[in-house]
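This report refers to the structure that appears directly beneath it.
2 protein chains.
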Amino acid sequence: MLHLVGLGLADETDITVKGLEIVKKAERVYLEAYTSILLVEKEKLEAFYGRPVIVADRELVETGSDDILKDAETVDVAFLVVGDPFGATTHTDLVLRARELGIKTNTVPNASIMSGIGCTGLQLYNFGQTVSMVFFTETWKPSSFYDRVKENAQFGLHTLVLLDIKVKEQSLENMARGRKIYEPPRYMTVAQCAQQMLETEEERKEEVYRPVSLAIGAARVGALDQKLVVGTLEELSKVDMGRPLHSLVLLGKRAHDLERDYIREFAIDTESFDNAWKANNYGSIS
Amino acid sequence: MLHLVGLGLADETDITVKGLEIVKKAERVYLEAYTSILLVEKEKLEAFYGRPVIVADRELVETGSDDILKDAETVDVAFLVVGDPFGATTHTDLVLRARELGIKTNTVPNASIMSGIGCTGLQLYNFGQTVSMVFFTETWKPSSFYDRVKENAQFGLHTLVLLDIKVKEQSLENMARGRKIYEPPRYMTVAQCAQQMLETEEERKEEVYRPVSLAIGAARVGALDQKLVVGTLEELSKVDMGRPLHSLVLLGKRAHDLERDYIREFAIDTESFDNAWKANNYGSIS
Numbered sequence: 001m002l003h004l005v006g007l008g009l010a011d012e013t014d015i016t017v018k019g020l021e022i023v024k025k026a027e028r029v030y031l032e033a034y035t036s037i038l039l040v041e042k043e044k045l046e047a048f049y050g051r052p053v054i055v056a057d058r059e060l061v062e063t064g065s066d067d068i069l070k071d072a073e074t075v076d077v078a079f080l081v082v083g084d085p086f087g088a089t090t091h092t093d094l095v096l097r098a099r100e101l102g103i104k105t106n107t108v109p110n111a112s113i114m115s116g117i118g119c120t121g122l123q124l125y126n127f128g129q130t131v132s133m134v135f136f137t138e139t140w141k142p143s144s145f146y147d148r149v150k151e152n153a154q155f156g157l158h159t160l161v162l163l164d165i166k167v168k169e170q171s172l173e174n175m176a177r178g179r180k181i182y183e184p185p186r187y188m189t190v191a192q193c194a195q196q197m198l199e200t201e202e203e204r205k206e207e208v209y210r211p212v213s214l215a216i217g218a219a220r221v222g223a224l225d226q227k228l229v230v231g232t233l234e235e236l237s238k239v240d241m242g243r244p245l246h247s248l249v250l251l252g253k254r255a256h257d258l259e260r261d262y263i264r265e266f267a268i269d270t271e272s273f274d275n276a277w278k279a280n281n282y283g284s285i286s
Numbered sequence: 001m002l003h004l005v006g007l008g009l010a011d012e013t014d015i016t017v018k019g020l021e022i023v024k025k026a027e028r029v030y031l032e033a034y035t036s037i038l039l040v041e042k043e044k045l046e047a048f049y050g051r052p053v054i055v056a057d058r059e060l061v062e063t064g065s066d067d068i069l070k071d072a073e074t075v076d077v078a079f080l081v082v083g084d085p086f087g088a089t090t091h092t093d094l095v096l097r098a099r100e101l102g103i104k105t106n107t108v109p110n111a112s113i114m115s116g117i118g119c120t121g122l123q124l125y126n127f128g129q130t131v132s133m134v135f136f137t138e139t140w141k142p143s144s145f146y147d148r149v150k151e152n153a154q155f156g157l158h159t160l161v162l163l164d165i166k167v168k169e170q171s172l173e174n175m176a177r178g179r180k181i182y183e184p185p186r187y188m189t190v191a192q193c194a195q196q197m198l199e200t201e202e203e204r205k206e207e208v209y210r211p212v213s214l215a216i217g218a219a220r221v222g223a224l225d226q227k228l229v230v231g232t233l234e235e236l237s238k239v240d241m242g243r244p245l246h247s248l249v250l251l252g253k254r255a256h257d258l259e260r261d262y263i264r265e266f267a268i269d270t271e272s273f274d275n276a277w278k279a280n281n282y283g284s285i286s
């Protein structure tokens with residue numbers, strides 16, 4: 001059987017008791033390590049599980065899935081995913097492939113940033129669709145996220161923005177030359193995300209949000225050093241939230257008073273927060 | 001310190017290792033038992049934790065929160081919540097009260113149905129806002145959910161519908177007479193939800209969805225007997241999905257082929273599924 005086991009958000013102890021039992025008994029244990037990362041090293045996981053873990057990069061999962069699934073008709077294979085196993089499209093592919101091969105699957109859910117973001121105090125009911133923000137380059141600044149944010153904003157909904165990570169990426173030059181040399185990993189920060197959002201607004205000019213729109217930066221959700229910061233996009237574009245992973249929530253106009261009371265605690269500057277709350281008419285849509 | 005500990009979705013082993021350590025060490029352990037339920041009895045939790053658990057009903061949490069927080073400046077109090085601790089508004093209230101009293105808080109995230117619903121194979125990115133469906137009565141059939149579904153449908157997004165549970169409710173008569181006699185718990189089924197959705201559409205007539213619209217019924221997500229069923233609302237209004245908890249997802253038009261391939265496996269009738277897919281133009285919005 002193929003077991004897809006969610007690892008949760010922060011460290012090795014965020015696995016569920018059910019998940020840990022499966023990991024301990026499985027014949028082989030793979031760790032998906034490219035759509036998200038845990039805040040601890042692989043070695044720490046191995047020590048905690050008392051067994052070796054095979055790192056599964058994008059190449060292995062997307063083109064070598066039959067290696068992962070080898071003999072899984074008869075033995076147990078655990079495929080560990082940071083967050084919840086169904087956070088990323090890739091893993092439905094893996095299950096579809098298992099189905100084709102007649103291999104049974106079992107899923108062990110865990111916390112995902114999509115629900116964990118509730119730690120901000122914003123109500124999950126008030127969120128629209130989630131969007132992703134990729135690293136802009138000189139020549140590639142995709143603004144499809146902006147259209148989605150616009151849809152959410154139209155109904156006053158919050159938008160969770162998931163930030164790009166680049167793990168085991170090749171430079172264009174190394175890729176062209178077929179050299180398997182990888183760049184150091186990069187994780188987008190809240191500040192970079194806010195900057196790119198403002199850059200896109202300047203480009204598109206549809207007033208989906210403004211430099212004075214309120215947003216929440218969330219870093220290391222679920223970890224002991226979890227950090228939440230509330231400010232205008234302008235303020236967040238300069239904030240330093242420390243080590244990864246970061247996420248951002250753009251506040252929707254449907255925000256209500258209980259949400260305001262909760263997030264005000266995390267304001268970079270409470271006076272600026274109160275002003276922005278009034279100036280943007282938060283709470284005006286119900 | 002007040003620890004809000006998520007229990008996940010199904011049974012006692014869905015708690016995280018981190019959460020379990022907190023429960024074992026805490027001075028007092030409360031179980032929130034009215035916004036959702038675990039699929040096992042309290043006694044099973046107590047045996048697993050090796051200690052007593054105090055059931056916290058709505059009354060205790062909403063009016064007796066200071067009892068829960070008693071001495072939490074100096075001792076550890078664990079407040080267990082099915083799913084993720086921030087799934088329900090009530091718990092932000094509790095944290096706000098703790099803040100007022102100068103009590104520190106710590107959250108242990110876990111799987112929530114809002115992310116666990118990814119087990120359907122539908123992409124979490126394609127979901128709009130989540131709605132709730134309450135039990136209709138002869139005189140009270142609130143259709144606010146319909147407005148939200150309409151907003152989601154406008155952009156082709158899926159809608160997760162959370163189904164009502166009635167735990168420790170009094171009958172009107174007993175409430176009027178001040179008798180603390182409680183009705184047996186009730187949990188809405190997928191079939192009831194589909195019926196109420198169709199009833200509301202008949203009433204509102206805005207064609208937000210139709211009897212031939214596709215939806216997914218999900219029962220006991222995360223449990224060994226998890227069950228997923230795909231069909232038209234008409235078909236789902238007659239389906240028997242067994243014991244609680246149930247949820248429903250109304251499919252959005254932005255659904256893509258990978259999602260179709262994944263959910264087709266769960267179709268009540270694949271021919272009817274294929275026909276409905278075409279007739280409703282799923283996949284037509286991108």
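From first to last, the protein sequence lines are chains A and B. For the record, in the first sequence the residue sitting at position 125 is 125 according to UniProt numbering, with numbers rising by one throughout. For the record, in the second sequence the residue sitting at position 284 is 284 according to UniProt numbering, with numbers rising by one throughout. Backbone N, C-alpha and C fix where the C-beta goes; we use that ideal spot for every residue, glycine too. The model shown is predicted, which means the values in this text are computed figures rather than measured ones.
What does A/L96 reach in chain B if we use C-beta pairs closer than 7 Å?
D261 and Y262
Could you tell me the alpha carbon to alpha carbon distance between A/G116 and A/L251, rounded to whole angstroms?
If you draw a straight line from the Cα of A/G116 to the Cα of A/L251, it is about 16 Å long.
Residues, ordered as in the chain, of the segment 143-170 of chain B that lie near chain A by beta-carbon distance below 7 Å:
E151, F155 and L157
Restricting to Cα atoms, I'd like to know which of A/P184, A/D14 and A/K104 is closest to A/V82.
A/D14
Nearest-angstrom beta carbon gap, A/A26 and A/A77 [assumed within contact, 8 Å]:
Sequence inspection shows Val at residue 77 of chain A; the Ala mentioned does not correspond to that position. So it is a contact: roughly 6 Å between Cβ atoms.
Would you report the Cα separation of residue 287 of chain B and B/Y30, rounded to the nearest angstrom?
Any answer about residue 287 of chain B is impossible in this case: the structure gives chain B only from 1 up to 286.
CB-CB length for A/T159 against A/M241, believed under 8 Å:
The pair is not a contact, with the Cβ atoms about 18 Å apart (cut-off 8 Å).
Return the chain-ordered list of same chain residues with a C-beta closer than 8 Å to the C-beta of A/C119, the five sequence neighbours on each side being excluded.
Here the set comprises A218, V221, G222, Q226 and L228.
Beta strand (DSSP E) segments (min. 3 residues) lying fully within the segment 53-136 of chain A:
As far as the segment 53-136 of chain A is concerned, its whole beta strand (DSSP E) runs of at least 3 residues are 54-56, 77-81, 105-108 and 131-133.
Between the beta-carbon of A/L163 and the beta-carbon of A/L236, is there less than 8 Å?
no
Does the separation of the CB atoms of B/L124 and A/T130 fall below 8 Å?
yes
According to DSSP, is A/T139 part of a helix, a strand, or is it coil?
coil
By Cβ distance, which residues of its chain are closer than 6 Å to A/Y49, with the 5 residues on each side in sequence left out?
Around A/Y49: V23.
Please work out which residues of its chain come closer than 6 Å, Cβ to Cβ, to B/P244, disregarding the five sequence neighbours upstream and downstream, and give them in chain order.
Y187
Within 10 angstroms of the Cβ of B/P142, are there 16 or more other Cβ atoms? Answer buried if so, exposed if not.
The residue is exposed, with fewer than 16 neighbouring Cβ atoms inside 10 Å.
Cβ of B/Y34 less than 8 Å from any chain A Cβ?
no
Answer with buried or exposed for B/P85, where buried requires no fewer than 16 other C-beta atoms within 10 angstroms of its C-beta.
That one is buried.
Chain A beta carbons: is any one of them nearer than 8 Å to that of B/Y125?
yes
Under the three-state reduction of DSSP, which class applies to B/T16: helix, strand or coil?
strand
Reduced DSSP secondary structure (H/G/I, E/B, other) of B/M183
Checking the displayed sequence, the identity of residue 183 of chain B turns out to be Glu instead of Met. Coil.
Kindly list the residues whose CB is nearer than 8 Å to the CB of B/W277, restricted to its own chain and excluding five residues on each side of it in sequence; keep chain order.
Contacts found: L214, R260 and G283.
Do B/A72 and B/L39 have their C-beta atoms closer together than 8 Å?
no
Please report how far the alpha carbon of B/S144 lies from the alpha carbon of A/I263, in whole angstroms.
Spanning the alpha carbons of B/S144 and A/I263 requires a straight line of approximately 26 Å.
Interface flag, B/S115 vs chain A, CB-CB below 8 Å
yes
Any idea what DSSP makes of A/R254, helix, strand or coil?
coil
With distances taken between CB atoms, is the gap from B/D66 to B/L60 smaller than 8 Å?
no
What does A/N275 touch in chain B if you count any residue whose Cβ is under 8 Å from its own?
The premise fails here: A/N275 is roughly 22 Å from chain B at the closest Cβ pair, so nothing lies under 8 Å.
Below-8 Å beta-carbon distance, A/T92 vs any chain B residue:
yes
How about B/S65: is its C-beta nearer than 8 Å to some C-beta of chain A?
Output row for B/S65: interface = no.
What separation, rounded to the nearest whole angstrom, lies between the Cα atoms of A/K70 and B/T16?
29 Å
Taking the alpha carbon of A/G6 as the point to measure from, which residue in A/K180, A/F79, A/G121 and A/I216 has its own alpha carbon closest?
A/F79
Along chain A, which residues have their Cβ under 8 Å away from the Cβ of B/E265?
R99
Backbone secondary structure at B/E202 - three-state DSSP:
When secondary structure is reduced to three states using DSSP, B/E202 falls in the helix class.
Any chain B beta carbon closer than 8 Å to A/T13:
yes
Are B/K104 and B/M1 touching if we call contact CB-CB under 8 Å?
Going by beta carbons, B/K104 and B/M1 fall inside the 8 Å limit.
Which partner residues of A/E32 appear in the DSSP bridge assignment?
In DSSP, A/E32 forms a bridge with A/A56.
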